[in-house]
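Here the structure is laid out as structure tokens; the discussion comes afterwards.
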Amino acid sequence: MASPAYPLFFKKCGVAAAVAGLLGLAGCQSWNAQDSLPPTSGVQPIKGLAQNVSVRRNTLGMPLIESNSFHDALFTLGYVHASDRITQMVTLRLLAQGRLAEMNGAEALDTDRFMRAVNLKKSAGELYNAASPRLKRFFEVYARGVNAYLFRYRDKLPPDLARTGYLPEYWKPEDSALIFCLLNFQLSANLPEEISSLVIAQKAGIDKLAWLTPSAPDEPLPQAEADKLKGIALSQVSGLAAVDKASAQVSALNGFGAGTSTNWAIAPQRSRSGKSLLAADLQQPTSAPAAWNYVQIRAPKYQAAGLSVAGLPAILSGFNGKVAWSLAAVPGDSQDLFLEKLKRQGNALYYEADGKWLPAIVRNETYFIKGQRSIRETVYETRHGPLLNSALGDAPLAGGYGLALQTAPLKDDKSLDAFFDLSRAQNAEKASDASREIRAIALNMIFADASNIGWQVTGRYPNRREGEGLLPSPGWDSRFDWDGYADAMLHPYDQTPPQGWLGTANQRTAAKGYGMQLSNAWYYPERGERLAQLASAGKQDTRSTIAMQYDQSTTFANKLKKMFEAPGMAQPLKQAIDALPEAERAKAREALSRLMAFDGKLSPSSADAALYELFLQESMKQIFLDELGPENGPVWQAFIANGRLSYSAQADHLLGREDSPFWDDSRTPQKEDKPAILARSLAAAISAGDSQLGTDHKAWQWGKLHRLDWKSASGQSLRGPVQVGGDHTTLNTTAYLWGGNSFETVLAPAVRMIVDFGQTEPMTGQQSPGQSGNPASPNYANGLDAWLKAQYVSFPMQPQNLDRAYGTSRLTLTPGK
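Numbered according to mature numbering (1 follows the signal peptide of the UniProt record, and there is no 0), the sequence shown spans residues -33 to -1, 1 to 784.
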């Protein structure tokens, strides 16, 4: 419901400031932003506590909660999460509920419509109801802690939240399950790709679609997947562009959508100390705050430090003194999109199923909109799930197609309990047992104790009767329906392997022909390849692990060289270069010579790294832009979006696909081949460098093109653009949009963690931009220096080391009346 605070807010600040919402901090300053910062020392009575609780913070604002009971610790965690991230918690809750328009106005309506159709509220209800009574009590206590903050600071909210005029509702235990379901929704690849692929197919056609949606370098093109769509008039898919846009907005808003992450463990035989090591990072959009934050808890029967999500009372990656565990995206495909034939009969909507017309299920949704009257709309559902496009624009008309989303139900799911059990595990075997019970979310869980390491794929994966789920399926044909789920015992796993290490980087982790279908939306393999190179080389320790997390070498450069010098390519490419006009010929020869000598190190000061990346960018445009352009059009943008999410056609064509129809430039009368397009691309890379970096080719630097600029929620720069190395294929991931109009970094590691069991205090970590989500806080962006300098902070488990890490200043929360 629209907040009662609106009229007062409009009177104080005016409509313009209200509409700015979370998009800006400009507007009236009728309150002191510093008042929104809870104290970090002194004594504060809080109603709901049983005994005193201490909260200390390290130099970066990361909290240590010390309590005499676990319930008081959970209560305080809720209070601390709200103190640090209430704007983020409220925004993510409204996003998951499909209620952002209540805070941000009508501009958020399409996002809300998309999320109402997805109906995470239903999933969260199933998940929460399936939790044990023990876990429900934990969620209830945590919610009371959040509400204690909301009660005390209701009139002193952070400036970016206060200026929206939205008055947050109190937190419910089910809201935490909702945040978990939002995380799961964004990590359950490949819904955005399926939507974007339909946008691409509308222009490229079904016959060429398989060339544009490869799943892995050594996999055949998914021709059978594309063939499912033959004979379907994709132009009649109602509201496809709106669905594509809304899906992208959801990914951008929640910060979980990047999906890229890396984790690995080193066994004792490969460790310098003779004890295990674990490392992890999570990469996210370069905006504040990151989705994750650090917390440490000490209670009589519970201690752990690690990464949490504000709104969720759990440590999802961390260390408890005996066991370390970390999560990364699989990415597993547990979402499928079905095209549905639709017709109207009177006021009812019907869809076809095996020759019969069935009535669509009707769900009415009411949207409260800031500054406007509420509206009531209908969402339709088929046997496969909600029709996403029925929620956006007009309901599908007769003869059109709907887009139904099928996801796995969460009834009887114990994942929330399993995460808590994992955080209490006292050895790798117990961690393995707990990981196996995580079914509601698709993850690569890596865990370790001092002597053992392990890996477990979690999630719930559909058995498809036909098809692979990479592209949408005809919903009217039950041949493509789901037939139950893969047995959890089939999920890939490993423990203490002979090679002495385990690791994942979103690459394909299930070999071809594996006994279940995990995914066809794997990320590029190069990060995983580089991880294997480094993990297998010599003995590892904390120092070498930091070097791995900051490594900027790519294995793709060497693959490119092998392609250039292959027997069937070297001579034709030389001939194609010779056939270029003289000026272009010299540029192409220079580019090829330098690329053949390039060592693959993408350091910010490297001239050859700049040329290499210019070639990648220009080659994509030379290969595909003639058929998928213009650059600012929805098809090209959809193509770029897919390349950000998983292994792409641009990489696939560079390494092979000599027979692809996309080598021919449709704008010319002659027929081009791969050598001809590569020759053009080599020359174009030099020309692009000349215009962007100057004509002194030795003075080029990759970092002058490739910059990282962290932004606040309002779009303000937190630390002016910094020159960085790496790209999407390096362990130190700094991805840009391949095919976009710049090399600006859009994705980077937000949090890093290392647990070295050979150290007296094993766990260290790092976070950017900062612990707090409040722009008025000194901890909003103070993690950036440490990130840039590769500095980590300690999370000690031994009491005698706590003062050194957290100091002696503390906030003491006491039971209030």
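Glycine included, C-beta positions come from ideal geometry on N, C-alpha and C.
Of Ala232, Ala574 and Glu307, the smallest CA-CA separation from Gln466 is found for Ala232.
In the DSSP annotation of this structure, the continuous segment of the alpha helix (DSSP H) that includes Asp400 starts and ends at Ala395 to Arg403. Here the alpha carbons of Arg23 and Lys170 stand approximately 57 Å from one another. Counting along the chain, no alpha helix (DSSP H) covers Ala392, and no H or E run does either. Excluding its 5 nearest sequence neighbours in each direction, Phe565 has C-beta neighbours in its own chain below 6 Å: Ala524, Asp575 and Tyr579, listed in chain order.
Taking 8 Å as the cut-off, the beta carbon of Gln1 is found no closer than this to the beta carbon of Ala477. Residue range Leu76 to Val85 is occupied by the alpha helix (DSSP H) that includes Met82.
In the DSSP assignment, Tyr109 falls within the alpha helix (DSSP H) that extends over Pro100 to Arg119. Three or more pairs of CB atoms, one per stretch, sit closer than 8 Å, so the region 628 to 648 contacts the region 533 to 551.
Judged by DSSP secondary structure, Trp443 falls outside any alpha helix (DSSP H); it is assigned neither H nor E.
Val166 and Gly692 have their alpha carbons spaced roughly 33 Å apart. The alpha carbon of Val602 has as its nearest neighbour, out of Lys123, Ile162 and His351, the alpha carbon of Ile162.
With respect to Arg66, Leu359 sits apart: the two C-beta atoms are not nearer than 8 Å. Only exposed fits Trp324, as fewer than 16 other CB atoms lie within 10 angstroms of its CB. The beta-carbon distance between Gln617 and Gly610, rounded to whole angstroms, is 6 Å. This is short enough to meet the 8 Å contact definition. Within the DSSP secondary-structure output, Met412 pairs in a beta bridge with Leu294 and Gln423. When Cβ pairs closer than 8 Å are counted between the two stretches, the region 257 to 268 is seen to touch the region 43 to 52, the count reaching three or more.
Distance check between Gly367 and each of Ile336, Glu319 and Ile408 places Glu319 closest, using alpha-carbon atoms only. Residue state for Asn230 is assigned as strand, using DSSP reduced to three classes. Ser776 sits in coil when the DSSP states are folded into three classes, being neither helix nor strand. With a beta-carbon spacing of about 29 Å, Ser572 and Gly682 fall beyond the 8 Å limit used to define contacts. Rounded to the nearest angstrom, the gap between the Cα atoms of Ala177 and Ser164 is 10 Å. Here the alpha carbons of Tyr460 and Arg237 stand approximately 20 Å from one another. Cβ-Cβ separation between Asn419 and Thr349: approximately 47 Å, too far for a contact (criterion under 8 Å).
If you keep only unbroken alpha helix (DSSP H) runs of at least 4 residues inside the region 473 to 549, you get 493 to 502, 509 to 516, 523 to 531 and 537 to 545. Ser341 counts as exposed, since fewer than 16 other beta carbons sit within 10 angstroms of its beta carbon. Measuring C-alpha to C-alpha distances from Ala191 to each of Ala271, Asp770, Leu76 and Phe447 identifies Phe447 as the nearest.
Counting of Cβ neighbours within 10 angstroms places Phe286 among the buried residues, the total reaching 16 or more.
Residue nearest to Arg111 within the set Pro135, Arg130, Arg239 and Lys139 is Lys139 (criterion: CA-CA distance).
Closest in C-alpha terms to Gly706, from the list Phe762, Gln339 and Phe591, comes Phe591.
The region 522 to 536 and the region 698 to 705 do not touch, with fewer than 3 CB-CB distances between them shorter than 8 Å. Counted as a single uninterrupted DSSP element, the alpha helix (DSSP H) harbouring Gln584 occupies residues Ala574 to Leu595. Pairing Ala97 with Lys397 gives a Cβ-Cβ distance that is not under 8 Å.
A residue is called buried once 16 or more other Cβ atoms fall within 10 Å of its Cβ, and Pro628, having fewer, is exposed. For Asp723, the three-state secondary structure derived from DSSP is strand.
At a Cβ-Cβ threshold of 8 Å, Ala281 and Leu149 do not count as neighbours.
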